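Enquirer: My questions all concern the structure below.
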Amino acid sequence: MEISIRAMIIAMGAAALAAPAFAQEAPATKEAEVVVVTGTRVAARSALSTAAPVDVVSSAQLSQQGSPELNQQLATALPSFNFPRPAIVDGTDSVRPATLRGLAPDQTLVLVNGKRRHTASLVNINGSIGRGSSAVDLNTIPSSILESVEVLRDGASAQYGSDAIAGVINLRLKQRREGGNVTVSYGQRQTTVNTDPAPALPNGTTNFTAANIVANPTWQSIRSRDANDGATTTVNAWVGLPLFENGSLTIAAEIQNRESINRQGYDTRRLYNLLPGGALDPREATINRWNQQYGDGELIQGTLFANASIDLTDTTRLYGWASVQGRDSTSAAFFRWPADSRNVVEIYPNGFLPKINSLITDNSFALGMETKWNGWDVDLSLNRGFNEMEFVIRNTLNRSLGVASPTSFTAGGFNNTQTVVNLSAVKGYNVGLASDLNVAVGLEARRDHYEIFAGEPGSYFQQGSFVAGSQGFGGFKPSNEIGVSRDAIGGYIDLEVNVTDALLVSGAVRVEDYTDFGNNVSGKVSGRYDFNEMFALRGSVSNGFRAPSLQQQFFTASSTNVVAGVPLEILTVPSTSRIGRALGGTELKPEESVNYSLGGVLRFGDFNFTLDAYQIELTNRIVLSENLNQPAVTTLLAANGIVGINAVRFFLNGVDSTTKGADLVASYRLRTDFGRFDFTGSMSVNETKLDKTPVIPALTAIGLTPTQLFNRINTLTLTEGQPKQKASFNTNWTLGKFGTTFKATYYGEVTEPGTDAARDIVLSPEVLFDIEGRYKLTDKISLTLGVENATDVYPRKTPGTTVLTPSTFTTLNNSGASAFSRYSPFGFSGRYVYGRVSLDF
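Here it is as structure tokens:
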């Protein structure tokens, strides 16, 4: 797909010429436009009058959905925002990453009331979208505290600092002195699941043949089943209170309880050892072959969020907010079958399914003061965020401990802390132009701190030729423990002015200095020209950066796998560790970007239309290498005095990419005797191409190829792992006490790559439909019924096998466990039916 900037210019130029012809027909009155604060530091700038595209998602739009997760709510509302739902990916099951414009999760900056939000402590190291990234967990924020969400779809590092490459998400908090709401919702998956079991492999590891599994009378019950699971109960509440005479306090609370979802396929493997003489164990006929858990795990979560503000004088205001969340989430590893060498049959005679219990604590606070000084609007603030993730592995064992092994272990974890002090000031200067020259300056100091802490000894213990540690997730060792910090300081100047009534120009420069990698200078120039009240062109050019996270620089973990009776030590190490440097690792450098955007805005009465094209050139993208286990690698390590290491991986710079795309948003409001209709249509198209993949001279010198350092799976994940097209159409109707919402969302093709093309899983485009109906029982009480994915759409089933040659098969779905691709952009949970009762006060 090639997106032509020239074609965009021609189309926008034609619209500009045509606009005057329609101007006489435009209605004279319009409703007030939504004012935004993201992407501009000029007060009272509307979303349609900015020089860069800003989407605004209201609290009503967030609440008119079945999902209680903010990430999922935004993915439904914004085509440029994606939230895949992978499974069996360790901690990522509990903290799933989201993406903007097809880039990495950590290439989008998240703000709360304009202040930088801390990231999660988890770094995604397994095979999912966002591998190697550590991003903000938006699900730590209840939607009930939000007034709106603003999404700036443009590079903004010069304005906000590191991470703002794909864009900026600003969560604006409610600030109320009165009112409130309590909402109780309940939903459940009501779906029919169709999966394909894996036929027998030539090596005889399954107990069915490809022929007799189809002939089996229970085939249809194996292949298709009804599922009513994933029951989710959510209680959401907020209240606005007066704080003395001139202040407000808004408190929001949320409790969520979700049962697990399972979309595994039927396990057709031989699960027990053969009896003497080669006969099957009779237990093969009775063992439960629905033995996996593939899908959303169990979750219990409680969140409290408060936002306060008080006027001390006519010119001075104190403000602050605080949040705390506890999350108890349980997902699964792969089933250990009874005859598995990792099992102790005296403990689990029929095998076992290890459960990964992620205990997450997240808290934050901010305190600030706004005042006026010598004509400047001054804002001084301090905000701090903390996120910790600890793992408890249940229904497991440590094979090295034998029959004496406990069945649960505390496996350690990690935490991340961010502290930011910010001083900013804004002032308008009369320079004889159509508006004052808005001058914004600021200073920011930030400290990041990251820790890894060890689990109990049994979670990582290993002896002899046995597999080490707790099955499903081996514990962190004392040798993995680390506590590191870094400081950064930055300053910026941001200018914006209307040169004429029609021409808006702005520019920003930001300088930042980090104690680990040095300094960075970012700049941005943007402009907008209004041909008339109906049509405008806008565009920007900027460069940006993303500092390597402490997680990427210092995450370390070790595990021991046993191959042919020999224990193999596999390490994830910092690139600057002794092992990393022996393999050519260096200090991580910041990712750098150059962004170009060009767009148009068309307004005609109650009809609004925007179209924005963009190109993002990224260099030095940070990725996680493959497991380097080649003999030449162990020889190189030995030459540097490092022995006993069998496989190593580490983070490195080296991927350059170019992303081109366009976003279209159109809205129309129609008032009739049959009610008010709000129509919204939007589309996002983008394409990413890799211009360079990593090369390390020290590894090239010993014969390693680029694909051994960063393989085909990870290369294609960056270019094919997310939909290149996503579109949505939304109709919202209200009449008196009644209201309905209808949504249709189109997801383009996605590929889950394999080690070669024969193992690729191509997911075809799909359309999902959501319907919600609302009735206001009284002035205070409203009832809602709805269904998401009404037609019960699933992604393409993962084939049980792929034929590579007439006599060779390879399993793609882990013998039935992974029945659907974890790359599916809308998950694989099926239809969701829900109801909601809401009380206003």
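Note that the working numbering has the sequence shown beginning at 1467, numbered continuously upward.
Glycine included, C-beta positions come from ideal geometry on N, C-alpha and C.
Being a predicted model, the structure only gives us computed values, none of them experimental.
Using three-state DSSP, classify Ala2128 as helix, strand or coil.
Expert: Walking along the sequence shown from the start, residue 2128 turns up at place 662. Here Ala2128 sits in strand by DSSP.
Enquirer: What beta strand (DSSP E) runs, 3 residues minimum, are completely inside the segment 1945 to 1981?
Expert: The segment 1945 to 1981 contains these whole beta strand (DSSP E) runs: 1948 to 1964 and 1969 to 1980.
Enquirer: Is the segment 1613 to 1624 in contact with the segment 1800 to 1807, if contact means three or more CB pairs nearer than 8 Å?
Expert: Flag = no, the segment 1613 to 1624 and the segment 1800 to 1807 do not touch.
Enquirer: Below 8 Å on the Cβ atoms is my guess for Val1660 versus Lys2263; work out the distance and round it to an integer in Å.
Expert: Taking the first residue of the sequence shown as 1, we reach residue 1660 at position 194. Taking the first residue of the sequence shown as 1, we reach residue 2263 at position 797. Reading off the sequence, residue 1660 comes out as Asn, not Val. Indeed, because the Cβ distance is near 7 Å, the residues count as touching under 8 Å.
Enquirer: Please tell me whether Lys2203 and Asn1849 are closer than 8 Å, where the distance is taken between their beta carbons.
Expert: For the purposes of this step, residue 2203 is taken as the residue at position 737 of the sequence shown. For the purposes of this step, residue 1849 is taken as the residue at position 383 of the sequence shown. No, the Cβ-Cβ distance between Lys2203 and Asn1849 is not below 8 Å.
Enquirer: Where does Ala1463 sit, in a helix, a strand or coil, going by DSSP?
Expert: Nothing about residue 1463 can be read from this structure; the chain reaches only from 1467 to 2307.
Enquirer: Let me know the secondary structure DSSP gives Glu2057 once reduced to three states.
Expert: The sequence position of residue 2057 within the sequence shown is 591, counting from 1. Here Glu2057 sits in strand by DSSP.
Enquirer: For the candidate residues Phe2073, Gly2050 and Leu2064, whose alpha-carbon lies nearest to that of Ala2079?
Expert: Here residue 2079 corresponds to residue number 613 of the sequence shown, with the count starting at 1. With distances taken between Cα atoms, Ala2079 lies closest to Leu2064.
Enquirer: Threshold first: 3 residues or longer. Then list the beta strand (DSSP E) segments lying entirely within the segment 1562 to 1612, N to C.
Expert: Here the runs fully enclosed are 1574 to 1578.
Enquirer: Just to confirm before moving on: does the CB-CB distance between Asp1692 and Thr1658 stay below 8 Å?
Expert: Here residue 1692 is taken as the residue at index 226 of the sequence shown, counted from 1. Here residue 1658 is taken as the residue at index 192 of the sequence shown, counted from 1. Yes.
Enquirer: What's the call for Asp1559, buried or exposed, on a 16-neighbour Cβ count within 10 Å?
Expert: Numbered from its first residue, the sequence shown carries residue 1559 at position 93. By the neighbour-count rule (16 or more Cβ atoms within 10 Å), Asp1559 is buried.
Enquirer: Quick check: the segment 1966 to 1980 against the segment 1989 to 2005, are at least 3 beta-carbon pairs closer than 8 Å?
Expert: Yes, the segment 1989 to 2005 touches the segment 1966 to 1980.
Enquirer: Just reading off the alpha helix (DSSP H) that Gln2179 is part of, what are its end residues?
Expert: To locate residue 2179, count along the sequence shown from 1; it is residue 713. Correcting the residue identity first, residue 2179 is Ile in this sequence and not Gln. Arg2178 to Glu2186 is the span of the alpha helix (DSSP H), which, as asked, contains Ile2179.
Enquirer: Any chance you could list the beta strand (DSSP E) runs of at least 3 consecutive residues sitting entirely within the segment 1857 to 1931, in chain order?
Expert: Listed in chain order, they are 1875 to 1895 and 1903 to 1919.
Enquirer: Less than 8 Å between the C-beta atoms of Gly1938 and Thr2022, yes or no?
Expert: On the sequence shown, residue 1938 is found 472 positions in, with the first residue counted as 1. On the sequence shown, residue 2022 is found 556 positions in, with the first residue counted as 1. No, the Cβ-Cβ distance between Gly1938 and Thr2022 is not below 8 Å.
Enquirer: Alpha carbon to alpha carbon, what distance is there between Asp2222 and Phe2275?
Expert: For this step, residue 2275 is matched to residue 809 along the sequence shown. For this step, residue 2222 is matched to residue 756 along the sequence shown. Low per-residue confidence applies at Phe2275: pLDDT is 38, beneath 50, and the placement is therefore not dependable, though the value from the model is reported in the following sentence. For Phe2275 and Asp2222, the distance between alpha carbons rounds to 14 Å.
Enquirer: Report the rounded CA-to-CA distance for Val2303 versus Asp2258, giving the unit in angstroms.
Expert: In the sequence shown, residue 2303 corresponds to position 837, counting from 1. In the sequence shown, residue 2258 corresponds to position 792, counting from 1. Taking the straight line from one Cα to the other gives about 25 Å.
Enquirer: Note down, one range per segment and in chain order, each beta strand (DSSP E) of at least 3 residues found wholly within the segment 1804 to 1839.
Expert: 1821 to 1839, all fully within the segment 1804 to 1839.
Enquirer: Of all the alpha helix (DSSP H) runs that stay within the bounds of the segment 2077 to 2161, which reach a length of 4 or more residues?
Expert: Qualifying alpha helix (DSSP H) stretches, in chain order: 2097 to 2105.
Enquirer: Between the C-alpha atoms of Thr1796 and Ser1533, what's the straight-line distance to the nearest angstrom?
Expert: Locating residue 1796 in the sequence shown gives position 330, where the first residue counts as 1. Locating residue 1533 in the sequence shown gives position 67, where the first residue counts as 1. Near 19 Å, if we compare the C-alpha coordinates of Ser1533 and Thr1796.
Enquirer: Is the beta carbon of Val1905 closer than 8 Å to that of Tyr1916?
Expert: Along the sequence shown, one-based indexing puts residue 1916 at 450. Along the sequence shown, one-based indexing puts residue 1905 at 439. No, Cβ-Cβ distance for Tyr1916 and Val1905 is not below 8 Å.
Enquirer: Using 8 Å as the threshold, is the C-beta distance between Thr2124 and Gln2081 below it?
Expert: What you label residue 2124 is simply residue 658 of the sequence shown in a count that begins at 1. What you label residue 2081 is simply residue 615 of the sequence shown in a count that begins at 1. Result yes, Cβ atoms of Thr2124 and Gln2081 sit closer than 8 Å.
Enquirer: Determine whether the beta carbon atoms of Gly2301 and Ser1651 lie at a separation below 8 Å.
Expert: Residue numbering aside, residue 2301 sits at position 835 when the sequence shown is read from its first letter. Residue numbering aside, residue 1651 sits at position 185 when the sequence shown is read from its first letter. Yes, the Cβ-Cβ distance between Gly2301 and Ser1651 is below 8 Å.
Enquirer: Evaluate Arg2288 with the Cβ neighbour count: other Cβ atoms within 10 Å of its Cβ, from every protein chain shown; 16 or more gives buried, anything less gives exposed.
Expert: Taking the first residue of the sequence shown as 1, we reach residue 2288 at position 822. The residue in question, Arg2288, is buried, as its Cβ has 16 or more Cβ neighbours within 10 Å.
Enquirer: Measure the Cβ-Cβ separation of Gly2046 and Val2039 and say whether it is below 8 Å.
Expert: Residue numbering aside, residue 2046 sits at position 580 when the sequence shown is read from its first letter. Residue numbering aside, residue 2039 sits at position 573 when the sequence shown is read from its first letter. Yes. Within cutoff.
Enquirer: Taking Phe2286 as the reference, give the member of Gly1627, Gln2191, Ile2227 and Gln2174 with the closest Cα.
Expert: Translated into positions along the sequence shown, residue 2286 becomes position 820. The option with the nearest alpha carbon to Phe2286 is Ile2227.
Enquirer: Whole angstroms is fine: what's the gap from Arg1802's alpha carbon to Pro1550's?
Expert: One-based indexing of the sequence shown puts residue 1802 at position 336. One-based indexing of the sequence shown puts residue 1550 at position 84. Their backbone Cα atoms lie some 27 Å apart in a straight line.
Enquirer: How many whole angstroms separate the CB atoms of Thr1574 and Ile1635, which I take to be in contact at a CB cut-off of 8 Å?
Expert: The residue labelled residue 1574 in the question sits at position 108 within the sequence shown. The residue labelled residue 1635 in the question sits at position 169 within the sequence shown. With a Cβ gap of about 6 Å, Thr1574 and Ile1635 count as contacting.
Enquirer: Would you say Leu1778 faces chain D, with C-beta separation under 8 Å as the test?
Expert: Absent from the structure: chain D. Only one protein chain is present.
Enquirer: Quick one: using the 10 Å Cβ neighbour count with 16 as the cut-off for buried, is Lys2209 buried or exposed?
Expert: In the sequence shown, residue 2209 corresponds to position 743, counting from 1. Flag for Lys2209 reads buried.
Enquirer: With DSSP collapsed to three states, give me the class of Asn1537.
Expert: The residue you call residue 1537 lines up with position 71 of the sequence shown. In this structure, Asn1537 counts as helix in the three-state DSSP scheme.
Enquirer: So the alpha helix (DSSP H) Gly2046 belongs to, where does it begin and stop?
Expert: Here residue 2046 is taken as the residue at index 580 of the sequence shown, counted from 1. Here the alpha helix (DSSP H) through Gly2046 covers Arg2044 to Ala2048.
Enquirer: The alpha helix (DSSP H) with Tyr1626 in it runs from where to where?
Expert: Taking the first residue of the sequence shown as 1, we reach residue 1626 at position 160. Tyr1626 -> alpha helix (DSSP H) spans Ser1623 to Tyr1626.
Enquirer: Going by other Cβ atoms of all chains shown within 10 Å of its Cβ, with 16 needed for buried, is Asn1985 buried or exposed?
Expert: Translated into positions along the sequence shown, residue 1985 becomes position 519. When all chains shown are included, Asn1985 counts as exposed.
Enquirer: Return the CA-CA distance between Ala2256 and Ser2295, expressed in angstroms with no decimal places.
Expert: Residue 2256 sits at position 790 when you count from the first residue of the sequence shown. Residue 2295 sits at position 829 when you count from the first residue of the sequence shown. Each residue's alpha carbon lies about 12 Å from the other.
Enquirer: Rank Ser2006, Ile1611 and Leu2077 by C-alpha distance to the C-alpha of Ser2150 and give the top, closest one.
Expert: Here residue 2150 is taken as the residue at index 684 of the sequence shown, counted from 1. Among Ser2006, Ile1611 and Leu2077, the Cα nearest to that of Ser2150 is on Leu2077.
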